[in-house]
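Participant: Numbering (UniProt numbering), first residue to last: 1 to 280.
My questions all concern the structure below.
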């Protein structure tokens, strides 16, 4: 892992594969670890240079004040374009997962020359908050359970890992995998202050981010090959959100993972990697 200066800030990055291979740039959800190691390794084995990175206020990227971010969704999109340029090698295949998928959509719309392909995993085409009437909202029973839990002691690594595991069970993901990733995120977080830990573990900065203007109506402008991956059992962004994106981007391929929720499970790594490699 290292940092790369792009768009005037430092972004934490980790690379897999040959530096001369075509670039696949993975925008993190909460942090870069939203992208499984096994998927990065599989893409690299398929002849790609894979770089996953932390968004601002997470991981090893520039962290200032997650409770009052002084940038917008479009700033994060500009970060992606600047990082692709800094890494070199021509237009990149950009992939975003969860809230990182929102960044990826806006990045390809605002900076089309920087990207050659687009993969969107478990995301939607509207900002955090109430969705459009034709899009399914978060499963409210699941959200009630998720946010009714008391916050952990953010100075306690094991308590934070257990909190993540319990949340994963509520969402339908693998608790053991979530516990392991949360521990790794905790180790990479610059300090134990609750706002910083919450930004890393839960992506809470997005609830305070300026995501205007809307971009959903611009989706038909996307001309690069696009893959939309979504878990059938996703209770956070139900699958109808992915279906809508795939309908609105001309030629997009929709890959529904029947046994997945919000995370990409190990059993689906091969299928997702193959679909991404086919895209470009």
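Glycine included, every Cβ here is placed at the ideal spot set by N, Cα and C.
Being a predicted model, the structure only gives us computed values, none of them experimental.
Three Cβ pairs or more, each shorter than 8 Å: is that satisfied between the region 226-242 and the region 64-80?
Facilitator: Judged by Cβ distances under 8 Å, the region 226-242 makes no contact with the region 64-80, as fewer than three pairs qualify.
Participant: Short check: CB of residue 34 to CB of residue 97, under 7 Å?
Facilitator: Result yes, Cβ atoms of residue 34 and residue 97 sit closer than 7 Å.
Participant: So what does DSSP say about residue 222, is it helix, strand or coil?
Facilitator: Three-state DSSP puts residue 222 in coil, outside helix and strand.
Participant: Name the DSSP beta bridge partners of residue 241, please?
Facilitator: Looking at the DSSP assignment, residue 241 forms no beta bridge with any residue, so it has no partner.
Participant: Mapping DSSP to helix, strand and coil, what is residue 187?
Facilitator: Correct three-state label for residue 187: helix.
Participant: Which two residues bound the contiguous alpha helix (DSSP H) that contains residue 200?
Facilitator: Segment 194-202, the alpha helix (DSSP H) holding residue 200.
Participant: Check whether the Cβ of residue 164 lies closer than 7 Å to any Cβ atom in chain C.
Facilitator: In summary, chain C is missing from the structure at hand, where a single protein chain is found.
Participant: Counting only runs that start and end within the region 1-46, where is the alpha helix (DSSP H) found for 4 or more residues in a row?
Facilitator: Segments of the alpha helix (DSSP H) lying fully in the region 1-46: 37-45.
Participant: Contact defined as beta carbons within less than 8 Å: I believe residue 262 pairs with residue 122. What is the distance between those atoms, to the nearest angstrom?
Facilitator: The pair is a contact, with the Cβ atoms about 5 Å apart (cut-off 8 Å).
Participant: Write down the C-beta distance between residue 165 and residue 148 rounded to the nearest angstrom, noting that I regard them as a contact closer than 8 Å.
Facilitator: Actually they are not in contact, since the Cβ atoms of residue 165 and residue 148 sit about 16 Å apart, beyond 8 Å.
Participant: In this structure, how does DSSP classify residue 63 when only helix, strand and coil are distinguished?
Facilitator: In this structure, residue 63 counts as coil in the three-state DSSP scheme.
Participant: Does the distance from the C-beta atom of residue 260 to that of residue 268 stay below 7 Å?
Facilitator: Contact flag set, yes.
Participant: Leaving out the 5 sequence neighbours to the left and right, which residues in its chain are closer than 7 Å to residue 172 when beta-carbon positions are compared?
Facilitator: If we look at residue 172 and ignore the five residues flanking it on each side, its Cβ neighbours are 233, 235 and 261.
Participant: Going by DSSP, which residues form a beta bridge with residue 326?
Facilitator: Any property of residue 326 remains undetermined from this structure, which presents the chain solely from 1 to 280.
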